[in-house]
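Novice: Order-wise, the sequence lines are chains B and D.
Yeah, the first sequence ends on 238 if you go by the numbering used here, and it's all consecutive.
Yeah, the second sequence ends on 1256 if you go by the numbering used here, and it's all consecutive.
Backbone N, C-alpha and C define an ideal beta-carbon position, used for all residues, glycine too.
One structure, pasted below without further comment.
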Amino acid sequence: MDFTLIFENIGIYFTGLQNTVVLVSISLVLGLLLAVPLAVLLNYGNNSIRLPIRAYIYFFRGTPLLVQMFLVYYGFGQFDLIKDSLLWPFFKEAYFCALFAFTLNTGAYTAEILRGAIKATNHGEIEAAMAAGMSKLLMIRRIILPSAFRRALPAYSNEIIFMLHGSALASVITIVDITGAARIINSRYYSPYEAFVTAAVFYMTLTFIIVFLVKKLEVRWFAHLQPQSNNPAIEAPP
Amino acid sequence: MNDRNISVVLEDIHKRFDANEVLKGISLSARSGEVISVLGPSGSGKSTLLRCINLLEIPDSGRLFVSGEEVLLKRSRNRTMPADMKQVERIRSKLSMVFQQFNLWSHMTILQNVIEAPVHVLKIPKDKAIQRARMYLDKVGIPDKADAYPVHLSGGQQQRAAIARALAMEPEVILFDEPTSALDPELVGEVLQVMHTLADEGRTMIVVTHEMGFAREVSSRVIFLDGGLVMEDGSPAEVFEHPATERFSAFIKAMV
Ligand SMILES: Nc1ncnc2c1ncn2[C@@H]1O[C@H](COP(=O)(O)OP(=O)(O)OP(=O)(O)O)[C@@H](O)[C@H]1O
Ligand SMILES: [Mg+2]
């Protein structure tokens, strides 16, 4: 057991950390931006628009993230259409391929989470919005989505954590993320234990930060569900 | 139909759900300032009638006028639909509705509930809407609940908040669908009292209710709905003292 080699090489881990954080954050943001309109259309769109969205979600939930990433990274290069297009400089890069696969993957899962949350909107609240003269778009923006986001938060925080851990797969296509850093250290010093325990500590720290931030958001967003503090009888357990 | 004093006119409104014809030709006009109690046995179509007025249900046939403007309906593929959703939204913004289950937006504070539609539908500046909202929360007796969430209020307080939300639109007519039916008996009084105040202020109200006391003492006109038709229509004194139909005498007897 020799952790000095980790301290000597900690720079690689910080590079890995940076890559993981950037990769996961961008995928999550883009995936969420993709998921919101898809979830709305799944609830309120007509059949011809719902069908392709369902197919997309089914594909990305029905196949492993690793396979999706390989399809993009190794597969796209086989199509002349892509190779000759302006997109090729992007799909040539492992980093972009990972980002692309991760975004579509989390987009599909998030769309499914939000679809359910939107569907569960209290019908009376929707009727109150209609009765007040709101247009459909205004109602979606002001009533349905804000309430659906709150309902979706617990499931979505799981999705964030899954995405963080799933991102370890990026190391398979040469990206130096946290896992990639561990693999480099392992192959350089043949010390898998030190290398991967360090990676685990990084992932656990990130997970802890995510859980902490979600908790803070819950306190703010779930104020409408929390018992009032002046009623000790129904105080939530700490 | 351009009489400024007439808020809502229904002409021969029909509405069916599949084989079940719920409204079989309802004609009715509500003058501004009138407080109309709509009575009737369960399933007689009271809610459906009220919901046809603000187009939460679309009548199959008949004509509907709100403050002089005819609601444009079109038939397509055997269904009647609004011809112009923008018109429907505009008309709904002139008619507030108070629901049996309150239907406050649960993720918003009471103040946010009250200013939501004035700000985003009527486009009233936010500070003015807040000022107005506080006035109405004062009127319904819950000025201290502005920053609470609906779940933290009692049923009676929630319904009063819903009434403040309805008032904040400064509507032509307020539609009430059994506003006290979901309340514990001891909370009914506080809501009825607020409604009494509104009636005294001369607001136009159409109230579906089982509260006979309210119908007799507060409303200026009583309508009895049965079998999808208006069976009685008159002042409380007329209707209660001299019912025109056997059904209504039986209904009153059953209620007391
Ligand atoms: N959306 C709907 N789909 C199908 N049937 C409906 C619908 N809404 C109402 N009905 C039917 O229409 C009839 C009248 O219902 P409505 O709710 O208008 O009665 P009501 O007079 O308000 O009764 P209550 O006093 O119980 O509230 C009932 O038979 C009901 O089952
Ligand atoms: Mg009803």
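(1) With a CB to CB cut of under 6 Å and the five nearest residues on each side skipped, what residues in its chain are close to Pro90/B?
(2) List the residues that DSSP assigns as beta-bridge partners of His1014/D.
(3) Per DSSP, Ser48/B forms a beta bridge with which residues?
(4) Can you check whether the C-beta of Met1001/D is within less than 8 Å of a C-beta belonging to chain B?
(5) Just the chain D side, please: which residues come within less than 7 Å of Pro146/B by C-beta, in chain order?
(6) Kindly provide the chain-ordered list of residues whose Cβ lies closer than 5 Å to any non-hydrogen atom of ligand 1.
(7) Going along the chain, which residues of the stretch 1079 to 1091 of chain D sit with their C-beta nearer than 9 Å to a C-beta in chain B?
(8) When you compare only the Cα positions, how much space is there between Leu23/B and Ser85/B?
(9) Does any CB atom of chain B fall closer than 8 Å to the CB of Glu1116/D?
(10) What are the uninterrupted segments assigned as alpha helix (DSSP H) that are 4 or more residues long and contained completely in the stretch 90 to 126 of chain B, given in chain order?
(11) In chain B, which residues lie with their C-beta within 7 Å of the C-beta of Val1022/D?
(12) How many Å lie between Lys1094/D and Ser1181/D at the Cα?
(13) Are the beta-carbon atoms belonging to Asn1005/D and Ser1032/D less than 8 Å from one another?
(14) Give the residues of chain D in contact with Leu138/B, contact being defined as C-beta atoms less than 8 Å apart.
(15) Beta carbon of Ala1117/D, beta carbon of Tyr1136/D: below 8 Å?
(16) Leaving out five residues on either side along the sequence, give the residues of the same chain with a beta carbon under 6 Å from the beta carbon of Leu1028/D.
(17) Whose Cβ in chain B lies nearer than 7 Å to the Cβ of Gln1101/D?
(18) With DSSP collapsed to three states, give me the class of Arg1221/D.
(19) Quick one: any contact between the stretch 1081 to 1095 of chain D and the stretch 125 to 142 of chain B, if contact means 3 or more CB pairs under 8 Å?
(20) I want to see whether chain B comes within less than 8 Å of Ser1067/D, judged by CB atoms only; does it?
(21) Please report the distance separating the alpha-carbon of Val1035/D from that of Ser1007/D.
(22) If we count Cβ pairs, one from each stretch, closer than 8 Å, do we get three or more for the stretch 154 to 169 of chain B versus the stretch 193 to 212 of chain B?
(23) I need the straight-line Cα distance from Glu1190/D to Gln1157/D, nearest angstrom please.
(24) To the nearest angstrom, how far is it from the Cα of Ser27/B to the Cα of Phe100/B?
(25) With a CB to CB cut of under 7 Å and the five nearest residues on each side skipped, what residues in its chain are close to Asp1084/D?
(26) Do Asn105/B and Gln78/B have their C-beta atoms within less than 8 Å of each other?
(27) If you measure between the beta carbons of Glu127/B and Leu1064/D, is that distance less than 8 Å?
(28) If you draw a straight line from the alpha carbon of Ser147/B to that of Met1108/D, how long is it in whole angstroms?
(29) Using CA coordinates, which residue listed in Leu169/B, Val29/B, Arg150/B and Met139/B is at the minimum distance from Ala239/B?
(30) Taking any Cβ of chain B, which residues in the stretch 1131 to 1149 of chain D have a Cβ under 7 Å from it, in chain order?
Specialist: By the coordinates alone:
(1) Reading off the sequence, residue 90/B comes out as Phe, not Pro. Closer than 6 Å at Cβ, skipping near neighbours: Phe96.
(2) Lys1024/D and Ser1061/D
(3) None, per the DSSP bridge assignment.
(4) Only weak support exists for where Met1001/D lies, its pLDDT of 47 falling under 50; the coordinates are left without a value.
(5) His1107
(6) Phe1017/D, Val1022/D, Ser1042/D, Gly1043/D, Ser1044/D, Gly1045/D, Lys1046/D, Ser1047/D and Thr1048/D
(7) Met1085, Lys1086, Val1088, Glu1089, Arg1090 and Ile1091
(8) 24 Å
(9) yes
(10) 94 to 119
(11) Those do not exist, as Val1022/D stays about 18 Å from chain B at its closest Cβ, beyond 7 Å.
(12) 25 Å
(13) yes
(14) His1120 and Val1121
(15) no
(16) Leu1010
(17) Gly124
(18) strand
(19) yes
(20) no
(21) 12 Å
(22) yes
(23) 9 Å
(24) 8 Å
(25) Leu1072
(26) no
(27) no
(28) 9 Å
(29) There is no way to answer for residue 239/B, as the model of chain B reaches only from 1 to 238.
(30) Tyr1149
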